[in-house]
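A.B. asks:
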Amino acid sequence: MEPPVISLGCKYSGSPKSNFVTLDSIGLAGNFCSDKKPAAVNWIEGRGKSVVCEAVITEEVVKKVLKTTVPGLVELNMLKNLTGSAIAGSLGGFNAHAANVVSAVFIATGQDPSQNIESSHYITMMEAVNNGKDLHISVIMPSIEVGIVGGGTQLASQSACLNLLGAKGASLKSPGSNARLLATVVAGSMLVGELSSMSAIAAGQLVKSHMKYNISTRDMAAIAGSKS
455 MEPPVISLGC
465 KYSGSPKSNF
475 VTLDSIGLAG
485 NFCSDKKPAA
495 VNWIEGRGKS
505 VVCEAVITEE
515 VVKKVLKTTV
525 PGLVELNMLK
535 NLTGSAIAGS
545 LGGFNAHAAN
555 VVSAVFIATG
565 QDPSQNIESS
575 HYITMMEAVN
585 NGKDLHISVI
595 MPSIEVGIVG
605 GGTQLASQSA
615 CLNLLGAKGA
625 SLKSPGSNAR
635 LLATVVAGSM
645 LVGELSSMSA
655 IAAGQLVKSH
665 MKYNISTRDM
675 AAIAGSKS
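Here it is in structure tokens:
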């Protein structure tokens, strides 16, 4: 009788042949781990580090610094990040721009940029608190995949960034604490990024800023024609 064929659905330490002599191993990862791919299992069960980050922003700061209002932000978040994403059938994408911030932090700290896919799964929540005056914002990120040993973390610039954060290398006193710290940095950066971006949209400043700083006003066709 031929041995059964199996592709293991999770990472396994040791030799399958030596432990399961009747099995024919095709591969050690059967993609149920959903590494570098969007999947409901990571959104529901979590993968890597699961972090919740929250803050209360006073009404004064919302008005004077963010140039918008608490009711405006709450309504925008509900209609854009929650309702809009639900209508689109989004998988873990109930946010404004997760991938921007996650990718930036990952590249700066020597992480695997391709794991931005599942690490950007998160939901942004906003509600009015303190009798409707202040804003409570939270981000829930169930699958932040970060590491602080090996790979890109050994590069000079990335190593320097990790040192600045106090998250370089393994902690001998508290194993795993540096990786957890880096995950909280990702979540904290994401909360700030969401607050900034959503405020700009609510205040009608996002497109104006892009037009002013990111889009050239020069007629590139005319410039190209003058040089030909």
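Just remember that this note's numbering sits 454 ahead of the position in the sequence shown, which is counted from 1.
Note that CB positions come from ideal geometry on N, CA and C, so glycine has one too.
What is the DSSP secondary structure of Ile602, reduced to helix, strand or coil?
C.D. replies: coil
A.B. asks: For Thr638, does the three-state DSSP call read helix, strand or coil?
C.D. replies: helix
A.B. asks: To which residues does DSSP link Cys507 through a beta bridge?
C.D. replies: Val593
A.B. asks: In this structure, how does DSSP classify Val475 when only helix, strand and coil are distinguished?
C.D. replies: coil
A.B. asks: Mind checking who Gly547 pairs with in its DSSP beta bridge?
C.D. replies: Tyr576
A.B. asks: In this structure, does DSSP put Val583 in helix, strand or coil?
C.D. replies: strand
A.B. asks: Does the Cβ-Cβ distance between Val691 and Ala637 come in under 7 angstroms?
C.D. replies: Only positions 455 to 682 of the chain appear in this structure, which leaves residue 691 out of reach.
A.B. asks: What does the alpha-carbon distance come out to for the pair Gly586 and Val506?
C.D. replies: Rounded to the nearest angstrom, the two C-alpha atoms are 23 angstroms apart.
A.B. asks: Can you check DSSP and say which residues form a bridge with Asp588?
C.D. replies: Val583
A.B. asks: Which one of Ser592, Gly526, Ile541, His575 has the shortest CA to CA distance from Val556?
C.D. replies: His575
A.B. asks: Kindly list the residues whose CB is nearer than 6 angstroms to the CB of Glu648, restricted to its own chain and excluding five residues on each side of it in sequence; keep chain order.
C.D. replies: Ala550, Thr578
A.B. asks: Helix, strand or coil: which one does DSSP assign to Pro567?
C.D. replies: In the three-state reduction of the DSSP assignment, Pro567 falls in the helix class, which pools H, G and I.
A.B. asks: Please go through the same chain and pick out, in chain order, the residues whose beta-carbon is closer than 8 angstroms to the beta-carbon of Gly620, but skip the five residues on each side of it.
C.D. replies: Asn632, Leu635
A.B. asks: Confirm, please, whether the CB-CB distance from Leu527 to Ala656 is below 7 angstroms.
C.D. replies: In this structure, Ala656 lies near Leu527, with their beta-carbon atoms less than 7 angstroms apart.
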